[in-house]
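K.L.:
Per this note's numbering: the sequence shown = residues 30 to 266. Quick reminder that beta carbons are idealized off the backbone N, C-alpha and C, glycines included.
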Amino acid sequence: MSNKAIDFRLYLITDRKLFTACLPTRQVHCSLFTAIKEALKGGARAIQLREKDLGTRELLKLTYKMRELTKKYNAKLFINDRLDIALAVGADGVHLAQNSIPADAVRKVVHACLPDRQASRFLIGVSTHSLKEAVEAEKKGADFITFGPVYRTPSKLKYGAPLGRETLKKTAKKIKIPVFAIGGVKLNKISELKDAGAYGVAVISEIFRAEDIRGKTKEMIKVIGSIHKAYLPSKSL
Numbered sequence: 030m031s032n033k034a035i036d037f038r039l040y041l042i043t044d045r046k047l048f049t050a051c052l053p054t055r056q057v058h059c060s061l062f063t064a065i066k067e068a069l070k071g072g073a074r075a076i077q078l079r080e081k082d083l084g085t086r087e088l089l090k091l092t093y094k095m096r097e098l099t100k101k102y103n104a105k106l107f108i109n110d111r112l113d114i115a116l117a118v119g120a121d122g123v124h125l126a127q128n129s130i131p132a133d134a135v136r137k138v139v140h141a142c143l144p145d146r147q148a149s150r151f152l153i154g155v156s157t158h159s160l161k162e163a164v165e166a167e168k169k170g171a172d173f174i175t176f177g178p179v180y181r182t183p184s185k186l187k188y189g190a191p192l193g194r195e196t197l198k199k200t201a202k203k204i205k206i207p208v209f210a211i212g213g214v215k216l217n218k219i220s221e222l223k224d225a226g227a228y229g230v231a232v233i234s235e236i237f238r239a240e241d242i243r244g245k246t247k248e249m250i251k252v253i254g255s256i257h258k259a260y261l262p263s264k265s266l
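1. Let me know if R74 comes out buried or exposed under the rule of 16 or more other beta-carbons within 10 Å of its beta-carbon.
2. Hey, could you find the ends of the beta strand (DSSP E) A210 is sitting in?
3. Taking just the CA atoms, how far does R238 sit from V57?
4. By how many angstroms is the C-alpha of K100 removed from the C-alpha of K66?
5. Relative to the C-alpha of L83, which candidate in A68, Y102, R96, T43 has its C-alpha closest?
6. Looking at chain D, is there any beta carbon in it that lies within less than 8 Å of the beta carbon of E167?
7. With DSSP collapsed to three states, give me the class of K164.
8. Cβ of G177 within 8 Å of Cβ of I211?
9. Closest to L47 by C-alpha separation, out of I233, E162, K223, would be which residue?
10. What are the boundary residues of the beta strand (DSSP E) that I76 is part of?
11. Check this for me: beta carbons of D172 and I35, under 8 Å apart or not?
12. Taking A117 as part of the alpha helix (DSSP H), name the residues at either end of that continuous run.
13. In terms of alpha-carbon separation, which member of R136, L143, L222 lies closest to K168?
14. Starting from I42 and walking both ways along the beta strand (DSSP E), at which residues does that stretch end?
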């Protein structure tokens, strides 16, 4: 079980391909960088950079740029899968897939590469798609998980049928680390996800496809609850 505080409820995941063909009404947000900046202005405090198709040097260049931006807004930056790049740029954490190296192995590398104080603050998130995977992620030392797809969404079809709220509820009761619901999450679904035990939500298109990214971010955070209320294992929420 993680002893770290998770001080965000909205976990924003990038997809620069959403900005390759913008409508005239969204020209102001026609790049990933400007879209993230708008989300940060709206209160987003955790960004996962997930651009799997980029080459290493190209991804590194983008990550340095994102690290500079997230620091300006006191937001956490997570890098999808690439622990090497996360360490190189001083990111706040890494997010692992089911086929990534496990969280306990990542933790060993982090402690070998960083001073103890920095290593102790490094966060590890893990994507999970079943109760079994969620339990295993916690056992291996994940600080939080994403769990889904809860609802049907084109981006998660490869993971099978939606898991639904009941499976989310069972999972949230079974494990003690924060669970972020993912997959088809919309603003009007947040309340029922909270009722099912989700600590927060992970989103891509719900924010990045919005005409008013800053405004949509503010709305989502308001519904989720205070992003400043940390997850403290010794206290109930």
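P.N.:
With the given structure in hand:
1. buried
2. 208-211
3. For V57, the predicted structure reports a pLDDT of 46, less than 50, and the residue's modelled location is therefore unreliable. A value from the coordinates is still provided. When rounded, the distance between both Cα atoms is 12 Å.
4. Looking at the two C-alpha atoms, the distance is approximately 11 Å.
5. Here the closest residue by C-alpha is T43.
6. Of the protein chains in this structure there is only one, and it is not chain D.
7. According to the sequence provided, residue 164 is Val. The question's Lys does not apply to it. The answer is helix: DSSP assigns V164 an H, G or I state.
8. yes
9. Per the Cα distances, I233.
10. 75-78
11. yes
12. Run containing A117: 112-118, per the alpha helix (DSSP H) assignment.
13. R136
14. 39-42
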